[in-house]
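Participant: Those sequence lines, one after another, are chains A and B.
Take the first sequence: its position 94, counting from 1, is numbered 94 in our numbering, and each next residue is one higher.
Take the second sequence: its position 108, counting from 1, is numbered 221 in our numbering, and each next residue is one higher.
Beta carbons are placed, not taken as given, at the ideal position from N, Cα and C, and that holds for glycine.
So that we are looking at the same thing, I have put the structure below in structure tokens.
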Amino acid sequence: ETGVTQSPTHLIKTRGQQVTLRCSSQSGHNTVSWYQQALGQGPQFIFQYYREEENGRGNFPPRFSGLQFPNYSSELNVNALELDDSALYLCASSLETVYNEQFFGPGTRLTVL
Amino acid sequence: AQSVTQLDSQVPVFEEAPVELRCNYSSSVSVYLFWYVQYPNQGLQLLLKYLSGSTLVKGINGFEAEFNKSQTSFHLRKPSVHISDTAEYFCAVSGVSNYKLTFGKGTLLTVNP
Numbered sequence: 001e002t003g004v005t006q007s008p009t010h011l012i013k014t015r016g017q018q019v020t021l022r023c024s025s026q027s028g029h030n031t032v033s034w035y036q037q038a039l040g041q042g043p044q045f046i047f048q049y050y051r052e053e054e055n056g057r058g059n060f061p062p063r064f065s066g067l068q069f070p071n072y073s074s075e076l077n078v079n080a081l082e083l084d085d086s087a088l089y090l091c092a093s094s095l096e097t098v099y100n101e102q103f104f105g106p107g108t109r110l111t112v113l
Numbered sequence: 114a115q116s117v118t119q120l121d122s123q124v125p126v127f128e129e130a131p132v133e134l135r136c137n138y139s140s141s142v143s144v145y146l147f148w149y150v151q152y153p154n155q156g157l158q159l160l161l162k163y164l165s166g167s168t169l170v171k172g173i174n175g176f177e178a179e180f181n182k183s184q185t186s187f188h189l190r191k192p193s194v195h196i197s198d199t200a201e202y203f204c205a206v207s208g209v210s211n212y213k214l215t216f217g218k219g220t221l222l223t224v225n226p
């Protein structure tokens, strides 16, 4: 059974640029959630996708957007990058939206200069 | 809405000593509770979870936690720690009918020889 994978591992961007992060769900999981973990903090919920639709959103601006594909993989897009967007971005997959045992990927470390 | 407070940001202990990492939560609805561990430069791994039933929950690597509804606590314990337990530990909560995990800020457990 393949776990959750994320790409790239590390990424460096400059302020104002756009970035796309990718996530492949654990086999059989149909729900993907994205979290932002700033240095020294716990992860914060960005949004969740279920059956290719956004199924809830945390306190993040619209320049954070996402997609889920028919194979349940997912993308996180961030436009107009700001310095404070520097963080570890974690993807988590689960079987359903309500039963909350989420399995996390290793994350993508984004640095905005 | 839910919130989580991890009462200690850092806990240093000696190898083979017992340890308790404290977690308190706030919620107006029934909750599920989780402990995750994060090793350096890695994603989150689920240690244990409380969904319902027995308030004493056993997890991986010899960890256990007790759900105390009256004190709104979910403290993590291990009777004898190893050097390899050195990591960041996160307590998380979700409502039983919502989809997002709310994390505490984490407790860095450092096990010294």
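Please state if the CB of residue 115 of chain B and the CB of residue 138 of chain B are separated by a distance shorter than 8 Å.
Facilitator: A contact, by the Cβ cut-off of 8 Å.
Participant: For residue 42 of chain A and residue 70 of chain A, what's the separation of their Cα atoms in angstroms?
Facilitator: Cα to Cα, residue 42 of chain A sits roughly 30 Å from residue 70 of chain A.
Participant: Where residue 164 of chain B and residue 202 of chain B are concerned, what is the direct C-alpha to C-alpha distance, given to the nearest angstrom?
Facilitator: When rounded, the distance between both Cα atoms is 19 Å.
Participant: Name the one or two DSSP bridge partners that residue 188 of chain B has.
Facilitator: In the DSSP output, where bridge partners are listed per residue, residue 188 of chain B has B/179.
Participant: Would you mind telling me which residues of chain B sit closer than 7 Å to residue 69 of chain A, beta carbon to beta carbon, in chain order?
Facilitator: Those do not exist, as residue 69 of chain A stays about 19 Å from chain B at its closest Cβ, beyond 7 Å.
Participant: Residue 39 of chain A touches chain B at which residues, Cβ-Cβ below 9 Å?
Facilitator: Neighbours of residue 39 of chain A on chain B: none; closest Cβ ~11 Å, over 9 Å.
Participant: What residues of chain A sit near residue 156 of chain B, judged by a beta carbon separation below 7 Å?
Facilitator: Here the neighbours are 90, 104, 105, 106 and 107.
Participant: What does residue 162 of chain B reach in chain A if we use C-beta pairs closer than 7 Å?
Facilitator: Here the neighbours are 101.
Participant: Residues of the stretch 41 to 53 of chain A with a CB closer than 7 Å to any CB of chain B: list them in chain order, please.
Facilitator: So the list reads 41, 42, 43, 45 and 48, given in the order they occur along the chain.
Participant: Can you give the Cα-Cα distance for residue 149 of chain B and residue 17 of chain A, rounded to whole angstroms?
Facilitator: Each residue's alpha carbon lies about 33 Å from the other.
Participant: Between the alpha carbons of residue 63 of chain A and residue 132 of chain B, how many angstroms are there, rounded?
Facilitator: Each residue's Cα considered, the two are about 42 Å apart.
Participant: Measure the beta-carbon distance from residue 94 of chain A to residue 31 of chain A and round it to whole angstroms, keeping in mind my assumption that it falls under 8 Å.
Facilitator: That belief holds up - the Cβ atoms of residue 94 of chain A and residue 31 of chain A are roughly 5 Å apart, short of 8 Å.
Participant: Any beta-carbon of chain A closer than 8 Å to the one on residue 152 of chain B?
Facilitator: No, residue 152 of chain B lies away from the interface with chain A (no Cβ there is under 8 Å from its Cβ).
Participant: Would you please state the rounded distance, in angstroms, between the beta carbons of residue 19 of chain A and residue 110 of chain A? I believe it to be under 8 Å.
Facilitator: About 6 Å; that satisfies the 8 Å criterion.
Participant: Determine the chain B residues that contact residue 55 of chain A at a beta-carbon separation under 8 Å, and present them in chain order.
Facilitator: Within 8 Å Cβ-Cβ: 212.
Participant: From this set, A/81, A/46 and A/104, which residue's C-alpha is nearest residue 92 of chain A's C-alpha?
Facilitator: The residue with the shortest Cα to Cα distance from residue 92 of chain A is A/104.
Participant: Fully enclosed by the stretch 66 to 107 of chain A, which beta strand (DSSP E) runs are 3 residues long or longer?
Facilitator: DSSP runs (the beta strand (DSSP E)) wholly in the stretch 66 to 107 of chain A: 74 to 78 and 87 to 94.
Participant: I believe residue 51 of chain A touches residue 112 of chain A by the beta-carbon criterion, under 8 Å. Please report the beta-carbon distance rounded to the nearest angstrom.
Facilitator: 32 Å between Cβ atoms; not a contact.
Participant: What is the DSSP secondary structure of residue 197 of chain B, counted as helix, strand or coil?
Facilitator: Three-state result, residue 197 of chain B: helix.
Participant: How far does the beta strand (DSSP E) with residue 56 of chain A in it reach, from first residue to last?
Facilitator: Its beta strand (DSSP E) spans residues 53 to 57.
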